[in-house]
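Let me begin by presenting the structure, written as structure tokens, before commenting on it.
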Amino acid sequence: MKFCWCTIRVRNMEESLNFYREAVGLSLNKRYTSQSGKDISFLGDGETKLELISDPNFRAFSECESISFGFEVESIEEKIKLIKEKGLEVHKGPIQPNEKIKYFYVKDPDGINIQFVENK
Numbered sequence: 001m002k003f004c005w006c007t008i009r010v011r012n013m014e015e016s017l018n019f020y021r022e023a024v025g026l027s028l029n030k031r032y033t034s035q036s037g038k039d040i041s042f043l044g045d046g047e048t049k050l051e052l053i054s055d056p057n058f059r060a061f062s063e064c065e066s067i068s069f070g071f072e073v074e075s076i077e078e079k080i081k082l083i084k085e086k087g088l089e090v091h092k093g094p095i096q097p098n099e100k101i102k103y104f105y106v107k108d109p110d111g112i113n114i115q116f117v118e119n120k
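Per UniProt numbering, numbering through the sequence shown is continuous, rising by one, with the last residue being 120.
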């Protein structure tokens with residue numbers, strides 16, 4: 001079995017695209033409007049795929065602390081610097097549970113936890 005993508009319903013497609021492109025570093029692969037009026041975007045390369053859907057009729061938004069998406073980075077310090085340059089806040093961390101891994105969290109525009117991980 002192969003994992004295809006993860007879908008996130010977003011309130012504002014432009015804000016979310018900006019976050020995932022600028023802060024996370026994912027590239028936009030495809031964007032279209034469905035027949036039902038949903039704005040749909042696919043981001044990511046290789047095995048990392050993310051689908052964003054903005055639907056004006058969808059109303060069930062809430063922050064979800066039990067879900068996070070992790071992205072590997074070369075340097076936690078450099079990523080924190082970039083996050084702050086983008087006007088975003090570090091939500092939690094950096095955390096170093098052992099000598100081989102460090103990570104921190106930010107929130108995406110819809111409150112999803114995004115984890116940046118440095119593996120040594």
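All C-beta atoms in this analysis are idealised placements derived from N, C-alpha and C, irrespective of residue type, glycine included. Keep in mind it's a predicted model, so treat the numbers as computed, not measured.
Whose C-beta lies closer than 8 Å to the C-beta of VAL73 among residues of the same chain, with five residues either side of it excluded?
Counting from 1 along the sequence shown, the entry for residue 73 is found at position 73. Excluding positions up to five away in sequence, the list reads LYS79, PHE116, VAL117 and GLU118.
Do the CB positions of PRO76 and PRO94 come within less than 8 Å of each other?
Walking along the sequence shown from the start, residue 76 turns up at place 76. Walking along the sequence shown from the start, residue 94 turns up at place 94. It should be noted that the sequence gives Ile, not Pro, for residue 76. Yes. Within cutoff.
ARG31 CB to nearest chain B CB: under 8 Å?
No chain B appears in the structure shown, which is made up of a single protein chain.
Here's the rule: buried if 16 or more other CB atoms are within 10 angstroms of the residue's CB, otherwise exposed. What is ILE67?
Taking the sequence shown and counting its residues from 1, the one referred to as residue 67 is at position 67. Classification of ILE67: exposed, given that the 10 Å Cβ count is below 16.
Can you tell me the Cα-Cα spacing of CYS6 and PHE69, whole angstroms?
The residue given as residue 6 occupies position 6 in the sequence shown. The residue given as residue 69 occupies position 69 in the sequence shown. Cα to Cα, the separation comes out at about 9 Å.
Using the DSSP secondary-structure output, state which residues sit across from GLY70 in a beta bridge.
Working through the sequence shown from its first residue, we reach residue 70 at position 70. Bridge partners of GLY70: GLN115.
Output the boundary residues of the beta strand (DSSP E) element that contains SER36.
Here residue 36 refers to the residue found at position 36 of the sequence shown. Unbroken run through SER36: none, as it is neither H nor E.
On the DSSP letters alone, give me the boundaries of the alpha helix (DSSP H) that GLU15 sits inside.
Along the sequence shown, one-based indexing puts residue 15 at 15. Segment 13 to 18, the alpha helix (DSSP H) holding GLU15.
Identify the continuous beta strand (DSSP E) that holds GLU85 and give its terminal residues.
Taking the sequence shown and counting its residues from 1, one reaches residue 85 at position 85. No beta strand (DSSP E) contains GLU85, which is instead part of the alpha helix (DSSP H) from 76 to 85.
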